[in-house]
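K.L.:
Chains A and B supply the protein sequences, listed in that same order.
The letter at position 15 of the first sequence is residue 15 when you use our numbering, and the numbering goes up by one with no holes.
The letter at position 104 of the second sequence is residue 1104 when you use our numbering, and the numbering goes up by one with no holes.
I'd like to ask you about the structure that follows.
Protein chains: 2
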Amino acid sequence: MTGPGIVELHQRIPFLLSQLGVHIADDFVTRLLPYGVGPRTYAVLMALAADDGQSQRQLSQRLGIHRNAMVAVIDDLEDKGLVARRPHPDDRRAFAVTLTAGGRELLPDLDAQGRAQEDEITASLTAQERAVLLGLLQTISAGLGMSPGVHPKLAEG
Amino acid sequence: MTGPGIVELHQRIPFLLSQLGVHIADDFVTRLLPYGVGPRTYAVLMALAADDGQSQRQLSQRLGIHRNAMVAVIDDLEDKGLVARRPHPDDRRAFAVTLTAGGRELLPDLDAQGRAQEDEITASLTAQERAVLLGLLQTISAGLGMSPGVHPKLAEG
DNA sequence: TATTGTTATACTCTATAACTATA
DNA sequence: TATAGTTATAGAGTATAACAATA
C-alpha cells in the first residue's frame, strides 16, 4: 500500500489514540444529546457537582473555557432549569452558580452514560487488559504534563 | 471532590482516550504547520503515496471527505506545487490527482514528524509497554468496527 | 438519467474587543 | 486601577444546494 519505509497509520500509537479519541468524543456528544447537555454544559455540571456555588470566573479557570463563552453556557443551563445564578456571598459583582434540584437529579443519568460508554468501548478487552490500559493511559497523560480532568476540546471554544 | 458514586474523569478510559486523542490531533496539526500541510492535505498526500493518480471522487470516498470540500483541498495542494491535476485516462470528467516531485520529496519529512510524535508520546513507556498499548488500541479500534486509517475528524469537514 | 467536479450561499462556531457594575 | 460578567461584531470553518461538462 504505502511506499517503502512508510509505516501504516493504524500501526501508529498517536494515530490510533487520535482516531479513537475523536470518535469517542463524538460518541459521547451523541449520548448526551437526549438530555439536552453538550460537552461544555456537561463539564460545568460535573464541576458544580464537585463544588457547588462557584463563580463563573472560577468555572472558567477550572475548565479552560473563556469567561466570554462561559456566559452562554450558564445561560443555556439556566434556561433548561439545571442551574441558577444566585447572588455571590462574598462579591456583589459575581454570581454563585448553583445546581437546582433538577440539575442534581440529572447527574446520575449523565454518569450512567459514561459508564455505559466505557463498557461498550472496552467490551473486546478482558478485565485485566482494561486495568493495564487504564494504567498506560494515565502514565502517558501524566508524562505529557496534561491536567487531570481538563479536556482540550473545551479550551478551544 | 466529586459526589458519592461519581468516578473521577481521569479514571475513565473513554475520557482519557478522548483527552489524549484530541491533544495529539492538535499537536500533530502544529507539527505539520511549518510544512504548510494540514490534516486533510496530509491525508490526501498519504493516500496518493499509496496509490497515485486517483480521482477526486476516489479520494473523497477513501478519506471520508465530501467531494465539495475536496476541491479546496486539491486547490491548496496544487497552489503549493505538491500535486497536479492531470487528465484522467479513463474518464474525461475526472482528474488524475498526481504527486509532483516536490510532493514526493515532502513525504519522508511528514513521516518523520509522525515518528517523532510517537517517540515523544511514548517516552514514559518501556518498549514492552509500547507494544502492549499498540495491541490494546488495535483491539479496541477493531472491536468498534472502525475503518483502519480513516480519521473521523476528516469526515466532519 | 447519473456522475465528476465546481461554485455560491447560508449557517455555526469561535475569537476579539468594548461596555457596566462593582472591588 | 483591576476584576466579574455581559454584549456585539467579525472571522474561520462547514454544510447545503445548484450548476456545467461528460458518462
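Just so you know, even glycine gets a beta-carbon here, dropped at the ideal spot from N, CA and C.
Predicted model only: the values in this text are computed from it and were never measured.
Give me the Cβ distance between B/GLY1143 and A/ALA123, rounded to the nearest whole Å; I'm assuming they're in contact under 8 angstroms.
P.N.:
Rounded, the Cβ-Cβ distance is 6 angstroms, consistent with contact.
K.L.:
With distances taken Cα to Cα, identify the nearest neighbour of A/ASP91 among A/LEU17, A/GLN58, A/ASP27.
P.N.:
For A/ASP91, the nearest C-alpha among the options comes from A/GLN58.
K.L.:
Within 10 angstroms of its Cβ, does A/GLY3 collect 16 or more other Cβ (buried), or is it exposed?
P.N.:
The predicted position of A/GLY3 is uncertain, since its pLDDT is 40 and thus under 50; a value taken from the coordinates is nonetheless stated next. Exposed is the call here.
K.L.:
Distance, Cα to Cα, B/THR1100 vs B/HIS1088?
P.N.:
Their Cα atoms are separated by approximately 16 angstroms.
K.L.:
Taking all protein chains shown into account, decide if B/VAL1071 is buried (16 or more other Cβ within 10 angstroms of its Cβ) or exposed.
P.N.:
With fewer than 16 other Cβ atoms within 10 Å, it is exposed.
K.L.:
Could you check whether the Cβ of A/THR2 sits closer than 8 angstroms to any Cβ belonging to chain B?
P.N.:
At A/THR2 the pLDDT is 39, less than 50, meaning the model places this residue with poor confidence; the figure from the coordinates comes in the next sentence. Chain B, which has a Cβ nearer than 8 angstroms to the Cβ of A/THR2, makes this yes.
K.L.:
Residues of chain A with a CB under 7 angstroms from the CB of B/MET1146: which are they?
P.N.:
What B/MET1146 touches in chain A: GLN19, HIS23.
K.L.:
Could you tell me whether the segment 108–122 of chain A touches the segment 1006–1018 of chain B, using the rule of 3 or more Cβ pairs below 8 angstroms?
P.N.:
At 8 angstroms Cβ cutoff, the stretches touch.
K.L.:
Spatial neighbours of A/ALA94 within its chain, please: CB distance less than 8 angstroms, with the 5 preceding and 5 following residues excluded, ordered by chain position.
P.N.:
Excluding sequence neighbours, A/ALA94 sits near SER55, GLN56, ARG57, HIS88.
K.L.:
At least one CB of chain A closer than 8 angstroms to the CB of B/SER1141: is that the case?
P.N.:
Yes, B/SER1141 lies at the interface with chain A (some Cβ there is under 8 angstroms from its Cβ).
K.L.:
Bridge partners for A/ALA96 per DSSP, in chain order?
P.N.:
DSSP, once it has assigned bridges, lists A/ARG86 as partnering A/ALA96.
K.L.:
Mind pulling the chain B residues with CB within less than 8 angstroms of A/HIS10?
P.N.:
Ordered by position in chain B, the residues that pass the 8 angstroms Cβ test against A/HIS10 are GLN1138, SER1141, PRO1148, GLY1149.
K.L.:
Give me, in chain order, the residues of the same chain whose beta-carbon lies closer than 7 angstroms to that of B/ARG1062; leave out the 5 immediate sequence neighbours on both sides.
P.N.:
So the list reads ALA1047, once near-sequence residues are dropped.
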